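Let me begin by presenting the structure, written as C-alpha cells, before commenting on it.
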Amino acid sequence: MSKQFLAFDVGGTTIKYGLVDENLNISDTGKVDTKHNENGFILKQLTTITEKFQKDNYLDGVGVSTAGIVGSDGAVLYAGPTIPGYQGTAIKEELENKFKLPVFVVNDVDAALLGEKIAGVAKNVDSAYCVALGTGIGGSYLNHGILNSGSHAFANSVGYILYDEKSDTYYEQRASTLTLEKNLKPYNVSVIDAFDMAKGGMETYRNIIEDWAHEVAAGLANIVLLYDPEVLVIGGAVSQQGDFLIDMFHKHMSKMIPEGLFKTKLAIAKLTDKAQLLGAISQFV
C-alpha cells in the first residue's frame, strides 16, 4: 500500500491541507480560516483535521509548512503581527505526542523550495535559492539537500537586507509586490492588468514595473554574489508573469554583478500553490 502523509500550509489567513502519497499525488484538499489564531485556533485546527484524517486513512506522517520562523525543534520561534499569539507554538511536539506519528515542521518559503527540489525547477540541481515575492519578501537556501537556516534560524531573512538610511526602509519595503501595488494605485490598475498593458507596449506601466524590478534585482544580485546557487527560484503570485519578469530581472542584475560572476540561472517556481504542501512532506519521501 502506498504511504500517505497529511500536509498543511499555514498562512496568515488560511490553513490549506491535503493528503499526499509517496508518488506526490495530492488529494482530499481543503482549507479553513486561521481566525487570526484566536485562543490558539491554528494548533487546534491542525489537531482536529489530523484526527479526522487519521480516522479515515492510515497516515505515515504529518508535514506542516507555516508562516514564521521555525526552530529545529519544530516550534514557531517568531511570527509576525498577522498571526498573533503564534510565537512559541510547539507544533511538532504537540502533534507527535498526540498522534504518535513523525511530524516535520518547516517555514513556508523553505517548504516552497523543498517542494521545487522534489518535483519542480530545482529537482536536478545541487544548490538552489528561492525568493518569494509577496506582501513581504522571504528567502530560502538549499545546498546539497540541506536547508541552511543559520545558527539561530534567522538566515535568509532577505526582506531586511539593503537598509536605506535616507528613506528608512528595508529591501522588502521597496521591492515587495505590495510596493508595486501602491505605485500603481494612482492609475487605478491592478498588478496583473499593468503587466498585460506593459507587455502590449504601454510605456507608463512598463516604466513603473521597470523601476520596481530594478529594486527587486538589487536584492537578487546580492544573493547571487553571496551564495552563487545553480538556480535562483522566483516565487510568489507575481512570478506567473514568467519570462517577461525573468528577462527584466536578468537585465538589471547583469548591470549590478561584475562580468563573469553571474552564472546562476533564474527560474520561475513551477509548483505554485502545491509547493508548500509537497515541501511539508519532503522529509518523508
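Using my numbering, read the sequence shown as starting at 77 and increasing by one per residue.
Each residue gets a CB set at the ideal place from its N, CA and C atoms; glycine is no exception.
Note that the coordinates shown come from a computational prediction; the quantities given were computed from them, not determined experimentally.
Just to confirm, are Glu91 and Gln121 a CB contact at a threshold of 8 Å?
-> Sequence check: residue 91 is Ile here, not Glu. Yes; because the gap between Cβ atoms is below 8 Å, this pair is in contact.
CB of Gly164 within 8 Å of CB of Val152, strictly | yes
From which residue to which residue does the alpha helix (DSSP H) around Lys350 run?
-> That residue, Lys350, is in no alpha helix (DSSP H); it is neither H nor E in DSSP.
Where are the alpha helix (DSSP H) runs, 4 residues long or more, that stay fully inside the region 136-182, in chain order?
-> 167-175
Counting pairs of beta carbons, one from the region 353-360 and one from the region 189-198, are three or more of them closer than 8 Å?
-> yes
Of the residues Tyr205, Lys128 and Thr126, which one's Cα is nearest the Cα of Leu302?
-> Tyr205
Give the range of the alpha helix (DSSP H) segment to which Lys193 is assigned.
-> Asp184 to Ala195
Tell me which same chain residues have a C-beta within less than 7 Å of the C-beta of Asp104, skipping the five on either side of it?
-> Gly94 and Leu95
Buried versus exposed, by CB contacts within 10 Å (16 or more), Asn264 = exposed
Beta-carbon separation (whole angstroms), Tyr281 vs Ala289, contact threshold 8 Å | Contact flag wrong, Cβ pair sits at about 12 Å.
Count the other CB atoms within 10 Å of the CB of Leu337; is the residue buried (16 or more) or exposed (fewer)?
-> exposed
Proximal residues to Lys107 (C-beta, below 6 Å), its chain only, five neighbours per side dropped = Thr90 and Lys92
Are Leu209 and Thr253 close, meaning C-beta to C-beta below 8 Å?
-> yes
Is Gly295 near Tyr239, with beta carbons less than 8 Å apart?
-> no
According to the Cβ coordinates, are Val146 and Asn200 closer than 8 Å?
-> no
Rounded to whole angstroms, what's the CA-CA distance from Gly277 to Val207? Just pull it up for me.
-> 28 Å
Neighbour-count burial assignment, Glu291, 16 or more Cβ in a 10 Å radius = buried
C-alpha distance - Met332 paired with Asp323, whole-angstrom precision | 15 Å
Output yes or no for whether 8 Å exceeds the beta carbon distance between Thr110 and Gly88.
-> yes
DSSP state of Ala251 mapped onto helix, strand, coil | helix
Let me know if Ser225 comes out buried or exposed under the rule of 16 or more other beta-carbons within 10 Å of its beta-carbon.
-> buried
The alpha helix (DSSP H) spanning Asn113 covers which residue range?
-> That residue, Asn113, is in no alpha helix (DSSP H); it is neither H nor E in DSSP.
Leaving out five residues before and five after Ile344 in sequence, what residues of the same chain have Cβ atoms less than 6 Å from its Cβ?
-> Ile310, Ser315 and Gly318
Assuming Leu260 contacts Ile284 under a Cβ cut-off of 8 Å, what Cβ separation, rounded to an integer in Å, is found between them?
-> 6 Å
Which residues in the same chain as Ile102 place their Cβ atom closer than 8 Å to its Cβ, once the five residues preceding and following it in sequence are excluded?
-> Ala83, Gly94, Leu95, Val96, Lys350, Leu353 and Leu354
Report back the beta-carbon spacing between Lys346 and Gly196 to the nearest angstrom; my notes put them in contact at under 8 Å.
-> 4 Å
Run of the beta strand (DSSP E) containing Thr105, from where it starts to where it stops = Ile102 to Asp109
To the nearest angstrom, how far is it from the Cα of Asp244 to the Cα of Ile237?
-> 12 Å
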